[in-house]
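First residue of the sequence shown: 2, per my numbering; consecutive thereafter.
Below is one structure; the comments refer to it alone.
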Amino acid sequence: MRKQIVAGNWKMNTNIQDGIKLAKAINDFASNYNLENKEIILAPPFTHLSSIVKEVDPKKISVAAQNCAAWEKGAYTGEVSAEMIYSSGAHFIIIGHSERRQYFNEYNATLFQKVKICLKNSLHPVFCVGELLAERESDKYFEVIKRQLVEGIFGLDSENFGKVIIAYEPVWAIGTGKTATPIQAQGMHKYIRKLISEKYGVTIANETTILYGGSCNAGNAKELFAQPDVDGGLVGGASLKANEFIEIIKAL
Ligand code: PGA
């Protein structure tokens, strides 16, 4: 049975001290909560990774980076490699978030490099796909998502694809307060699962966790997660408030 996951993407928020407080509050909740077949992932900034790994119970909470370099190592000033991230104790990396695509010119070919480097370093990619508002309004969204998957991740063999989490994050819903309706989310998640099934077979498709992201909050999480192909959420703004994030976990 595929895992249900709530992941908090902190983006470029919190200093280390506040990040530790937030992680501790979530860990306190998780220590008394039955998470059978469910997982919590926290994705703080790079600078916080090893401190937060030490604060959380690894049986309950995993830690993720939000990005990694597209190269293994070397003279790339300011970059952070997958090997460095793994050595911090993190086990996941968000790859291809729309903010990386939009502000840092990360395209599918680069993202595929990153995905391969993650896997080579025993890290699980949380691979993000999502369409722009104009693409949604012009009914191009299925096409756009298919291209992102084909070029960004479907080059993997089955064994490696089995280690990947997909996150569908419509760009028009990220940080806007405008959530996809449960029907819109389910429609896309079902389509993504169908594409995975065509490429890798029905068993792998049924085992792939597909998260929804985009203004997911304590008020809408339950209805979104109730959709048959929505396996949890990648949460931005609402993951910065412990109480709200905990309510979202309870909605799984
Ligand atoms: P949001 O962000 O929940 O603030 O919309 C989601 C994300 O970007 O992962």
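For glycine and all other residues, C-beta sits at the position ideal for the given N, C-alpha and C.
What you are looking at is a predicted structure, and each value in this text was computed from that prediction instead of being measured.
How many Å lie between residue i and residue j at the Cα?
| i | j | result |
| --- | --- | --- |
| residue 122 | residue 81 | 13 Å |
| residue 194 | residue 206 | 6 Å |
| residue 209 | residue 5 | 10 Å |
| residue 120 | residue 10 | 20 Å |
| residue 230 | residue 57 | 29 Å |
| residue 238 | residue 181 | 16 Å |
| residue 236 | residue 105 | 21 Å |
| residue 69 | residue 46 | 11 Å |
| residue 200 | residue 75 | 35 Å |
Cβ-heavy atom distance between residue i and the ligand PGA below 7 Å?
| i | result |
| --- | --- |
| residue 236 | yes |
| residue 216 | yes |
| residue 92 | no |
| residue 1 | No statement about residue 1 is possible, as the shown extent of the chain runs from 2 to 253 and does not include it. |
| residue 190 | no |
| residue 33 | no |
| residue 170 | yes |
| residue 221 | no |
| residue 10 | yes |
| residue 252 | no |
| residue 243 | no |
Write down the C-beta distance between residue i and residue j rounded to the nearest angstrom, noting that I regard them as a contact closer than 8 Å.
| i | j | result |
| --- | --- | --- |
| residue 97 | residue 176 | That belief does not hold up - the Cβ atoms of residue 97 and residue 176 are roughly 17 Å apart, past 8 Å. |
| residue 228 | residue 183 | 5 Å |
Where does residue i sit, in a helix, a strand or coil, going by DSSP?
| i | result |
| --- | --- |
| residue 244 | helix |
| residue 74 | coil |
| residue 178 | coil |
| residue 119 | helix |
| residue 126 | strand |
| residue 144 | helix |
| residue 184 | helix |
Taking 8 Å as the threshold, find out whether the region 51-64 comes into contact with the region 79-97 through three or more Cβ pairs.
-> The region 51-64 vs the region 79-97: in contact.
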